[in-house]
Amino acid sequence: MEAGHTFLATLGKKRLRPGGKKGTKFLFKNANIDSNTYVLEVACNIATSAIELVKKYDLKKIVICDLDDKALEKALENVKKAGFEDRFTIVKADATNLPFENETFDVVINEAMLTMLLSDKKEKAVSEYYRVLKNNGRLLTHDVLMFAENIDIQKKIKAELSRAINVHVDPLTNSAWRELFLNAGFKKVTNDFGKMTLMNPVGMIRDEGLLGAVKIINKGLKKLGCVDNSWYLSVFQNFCNTFVFHKIIKSNFFYWF
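In the numbering used here, each residue's number is its place in the sequence shown (first place is 1) plus 528.
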């Protein structure tokens, strides 16, 4: 069985972020980006968000990276279609061992990936983001949030979500996310949260358009072979959980929003 996000991509879903357009728009709004901002997107997938960034802010250059060869091939295809080949650098890279010099980027964007890493790899990835950011650089993340503080309930949520999407996930509570970033050296954290919209009908229409949403659902039901597939329903229910997005500043001062 395919991983949930891979399965959705095969159905034609272009937005594979838990908060959909709402989450990505929050990141863009809080990024303080202009045409000269040097941006790195980690786990870029098929470059949907990166292409939007270039269009919106007329970025002169941007670096995107992922570990998935197929995703990178599709990203390159999409970049070519958009006519932005001269502005993009596309790299195969591991978030926990980025091949970039210290203090290279103004902004690092990472959507829907940290949730999938175990705690030690989360720490390594966030430390790498800190390393490659310039002083006063911004880290923008978009991940899954747990409200449950009870450890047993947290374990159940993680197990059910991992089983539903056929890939390990390790979402954190709000305080745990903040602790992760602060321990890496970041000083200023702003966040917001809302319902996940990846498989929510309203969210799918907002992200993919009415016709696109209908095509995705129909293709999914045909691929699964029936309208009452327990795995599909499980994915749907779990992707209607909660997401969180953060703006984190690398700086020499401490401040909480």
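For each residue, glycine too, the CB sits at the ideal point set by N, CA and C.
Within its chain, find whatever has a CB closer than 8 Å to the CB of residue i; leave out the 5 residues flanking it on each side and keep chain order.
i: Thr-565; result: Ala-559, Tyr-585, Leu-587, Asp-634 and Val-635
i: Ser-563; result: Tyr-585, Asp-586, Leu-587 and Lys-588
i: Asp-622; result: Leu-595
i: Ser-647; result: Asp-698
Here's a check: name, in chain order, each residue in its chain whose Cβ is nearer than 7 Å to the Cβ of residue i, leaving out the five neighbours to either side.
i: Leu-645; result: Ala-653 and Asp-698
i: Ala-578; result: Glu-569, Cys-572, Ile-590 and Ile-592
i: Leu-604; result: Ile-618
i: Arg-706; result: Val-717
i: Lys-583; result: none
i: Arg-615; result: Val-582, Leu-587, Lys-588, Lys-589 and Ile-590
Using the DSSP secondary-structure output, state which residues sit across from residue i in a beta bridge.
i: Gly-713; result: BP columns for Gly-713 are empty, so no partner.
i: Met-674; result: Thr-701
i: Ile-618; result: Ile-592
i: Asn-625; result: Asp-622
i: Leu-661; result: Phe-633
Give me the Cβ distance between residue i and residue j, rounded to the nearest whole Å; I'm assuming they're in contact under 8 Å.
i: Glu-677; j: Thr-701; result: 6 Å
i: Lys-649; j: Thr-632; result: Not quite, the Cβ-Cβ distance comes to about 21 Å (not below 8 Å), so this is no contact.
i: Leu-708; j: Glu-651; result: 7 Å
i: Asn-638; j: Thr-669; result: 5 Å
i: Glu-613; j: Val-607; result: 6 Å
Within a Cβ cutoff of 6 Å, which residues of the same chain sit near residue i, ignoring the five residues on either side of it in sequence?
i: Lys-602; result: Ile-574
i: Leu-626; result: Glu-656 and Val-660
i: Asp-594; result: Ala-571, Cys-572 and Leu-600
i: Lys-683; result: none
i: Gly-713; result: Tyr-658
i: Asn-641; result: Inspection of the sequence shows that residue 641 is occupied by Met rather than by Asn. Contacts found: Ala-571.
i: Phe-628; result: Val-660
i: Ile-561; result: Tyr-585
i: Ile-679; result: none
Applying the 10 Å Cβ sphere with the 16-neighbour rule, what's the burial state of residue i?
i: Leu-581; result: buried
i: Gly-611; result: exposed
i: Asp-671; result: buried
i: Phe-675; result: exposed
Taking only beta-carbon atoms, is residue i less than 9 Å away from chain B?
i: Phe-633; result: Included in the structure is just one protein chain, with no chain B present.
query = What beta strand (DSSP E) runs, 3 residues minimum, are completely inside the region 545-580?
reply = 567-570
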